[in-house]
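Everything on this sheet refers to the single structure shown next.
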Amino acid sequence: MMALAPAASAANGPDRPPTFEPAAPPALAGKSAQPAQARKRLTKFEARRIRHACQGRANERGLGGPEREAFLGRCYFGRVSTRVERQQCRQEAAARGVERGSLRAYIRDCVRDRLRAREERKN
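Each residue of the sequence shown is one higher than the one before, counting from 3 in my numbering.
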């Protein structure tokens, strides 16, 4: 449904009735001009892609039974945690103003450094 607003009466003259023109659409509640934040959750398609890649690696190694289950858990959650690190590095790069051409290398180095630091904290 379109809202109508009366046009300026000076343009119509004294002996013409006011005309109605479409008004500007109302602003949507809760929406801002800022871009949406990056997704925090995996989509089902990303999760499926990661899961299938891990299953393929388990098949290549010929794993079965409890070994396979343990491998799949480590593989899947390892890749998901790497994805989270990539998202954080991408946000950090945007905050620092890293150029698009060097963004990929920056993210790769950032993820490697973060994962190395996490492993050092564990040990």
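Don't be surprised by glycine CBs; every beta carbon is placed ideally from N, CA and C.
Annotated three-state conformation of G99 is coil, per DSSP. Judged by pairs of C-beta atoms under 8 Å, the stretch 69 to 76 does not touch the stretch 97 to 105, as fewer than three such pairs exist. In terms of Cβ geometry, R70 and I52 do not form a close pair [threshold 8 Å].
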